[in-house]
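The numbering used here puts the first residue of the sequence shown at 5, with every later residue one more than the last.
Each residue gets a CB set at the ideal place from its N, CA and C atoms; glycine is no exception.
This report concerns only the one structure given below.
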Amino acid sequence: MKIVSIYPAPFDVQLRHEANSAILYNNKIYAYEEGKITSVKNEPTTLFPEKSLMLGFKELKIIPENVDLWVFPKTQNKLDLKALYLFFSFFLKAYTGNRAKFKNWIKRKVKIVKHHDLHTYSSIGCSGYKNGLYVNFDGGGDFGDTRNCTWGTFNNRKINEYGKSFGLNNIACFHAFITDLCGFKSDNGKVTGIAAYGKINNNLKEKFLKVLKITNNQIIFTRKRYKNSKPNLNNLDVNEYDRYKILNPFPAHSNISKICKGFNLQDIAATAENIIEEFIIKFLKNIKKKFYKRLLRKYSFFWWFVFKCKFKRKN
Ligand SMILES: [Fe+2]
């Protein structure tokens, strides 16, 4: 079976993530980011990740017409059938039938999955477990799925969601603010790297604790931005376009930049990483407890029945 996924969905506006293509065929996975080919970080200028997709077809020696299933992330608005027709017939030559039958073809060939469910499936699929509890922490998903934290159970790849939360006041955004402050733009992994060179600073930790708290369904980060940065066209370089240098200069003026003033970057990273680990472990313990309470409630009739039978036998 040949499965292709592209992010974002064609003609959908998603500026927060790297546009990319992935192809699954004969137990091989091909995956590539468009920005790696165009040299435009967070590539926002294409209608769909066309170059990475074509390279994948070439690499795996297949053509778009032979793809069995196309997977797209859920969009904010319903995908426009005319735009899809343009995409599949004119741009890709994946659909060669007549226009009237296109709607049915789409129903069979295109599957839409929510952003956070994709995160969940990618993790449980690689975990080797058949069932268990899952948790997602994310900065805010995308316009098609604005949840920031989801958790629940999975059984044979079927997920059953128990909890979710929305909005940008979340632990992943805390990490994003720290990343921005350290000068790493959206490269969050670099904060984890530099943390190894720093020490946990208890004064700073106390200050972070004032803007973070755990509730039933999420870890809340009270974020504040004081000023929006203005575009800086002096940094424009046509050969090496970088949106962060021009439209989103950093670091932002935020409550995190205020709190971290005077501390060195390695210590800020080490302290932030440490506090995130502690909060996530606490959150995991909370949901584990909640899950067992749910189980007890669900099977309370069964336990009542067992108890009653035993009691009867004794008498
Ligand atoms: Fe995400």
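Ligand 1 and Gly145: does the residue's C-beta get closer than 7 Å to at least one heavy atom of that ligand? Translated into positions along the sequence shown, residue 145 becomes position 141. Under cutoff, so the answer is yes.
Near Lys45, what residues of its chain come up, given a Cβ to Cβ distance below 6 Å and the 5 sequence neighbours on each side ignored? Residue numbering aside, residue 45 sits at position 41 when the sequence shown is read from its first letter. Excluding residues within five positions, the ones whose Cβ falls inside 6 Å are Gly39 and Asp246.
heavy atom of ligand 1 below 7 Å from Asp142 C-beta: For the purposes of this step, residue 142 is identified with residue 138 of the sequence shown, where counting begins at 1. For Asp142, the CB falls within less than 7 Å of some heavy atom of ligand 1.
Can you tell me whether DSSP reads Asp184 as helix, strand or coil? For the purposes of this step, residue 184 is taken as residue 180 along the sequence shown, with counting starting at 1. Reduced to three states, the DSSP call for Asp184 is helix.
Taking 8 Å as the cut-off, does the region 233 to 249 touch the region 289 to 306 (at least 3 CB pairs, one atom from each stretch)? Taking a cut-off of 8 Å for Cβ pairs, the region 289 to 306 and the region 233 to 249 do not touch, as fewer than three such pairs fall below it.
Beta-carbon proximity list for Asn221, same chain, < 6 Å, skipping 5 on both sides: For the purposes of this step, residue 221 is identified with residue 217 of the sequence shown, where counting begins at 1. Gly167 and Ser169, listed in sequence order.
What whole-angstrom Cβ distance do Ile260 and Ile182 have, given they're in contact under 8 Å? Counting from one through the sequence shown, the residue named residue 260 turns up at place 256. Counting from one through the sequence shown, the residue named residue 182 turns up at place 178. Contact between Ile260 and Ile182 holds, since their C-beta atoms are separated by about 6 Å, short of 8 Å.
Tell me whether His123 counts as near ligand 1, meaning its Cβ is closer than 7 Å to at least one heavy atom of that ligand. On the sequence shown, position 119 is the one that residue 123 refers to. Result yes, Cβ under 7 Å from ligand 1.
Roughly how far, in whole angstroms, is the beta-carbon of Asn174 from the beta-carbon of Gly143, given that I think they are within contact range, below 8 Å? As a first step, residue 174 is located in the sequence shown; it is residue number 170 there, counting from the start. As a first step, residue 143 is located in the sequence shown; it is residue number 139 there, counting from the start. That belief holds up - the Cβ atoms of Asn174 and Gly143 are roughly 7 Å apart, short of 8 Å.
Under 8 Å: do the region 156 to 163 and the region 119 to 129 share three or more Cβ pairs, one atom per stretch? Touching, per the Cβ criterion.
Asn135 - DSSP class collapsed to helix/strand/coil: In the sequence shown, the residue the question calls residue 135 occupies position 131. If DSSP states are grouped into helix, strand and coil, Asn135 belongs with the strands.
Can you tell me whether DSSP reads Cys313 as helix, strand or coil? As a first step, residue 313 is located in the sequence shown; it is residue number 309 there, counting from the start. In the three-state reduction of the DSSP assignment, Cys313 falls in the helix class.
CB contact flag (Thr154, Asn135, <8 Å): Locating residue 154 in the sequence shown gives position 150, counting from the first residue. Locating residue 135 in the sequence shown gives position 131, counting from the first residue. Going by C-beta atoms, Thr154 is not nearer than 8 Å to Asn135.
Which residues bound the beta strand (DSSP E) around Tyr201? Taking the sequence shown and counting its residues from 1, one reaches residue 201 at position 197. That residue, Tyr201, is in no beta strand (DSSP E); it is neither H nor E in DSSP.
For Asn30, the three-state DSSP class (helix, strand or coil): Position 26 of the sequence shown, counted from the start, is the residue given in the question as residue 30. Coil, per DSSP.
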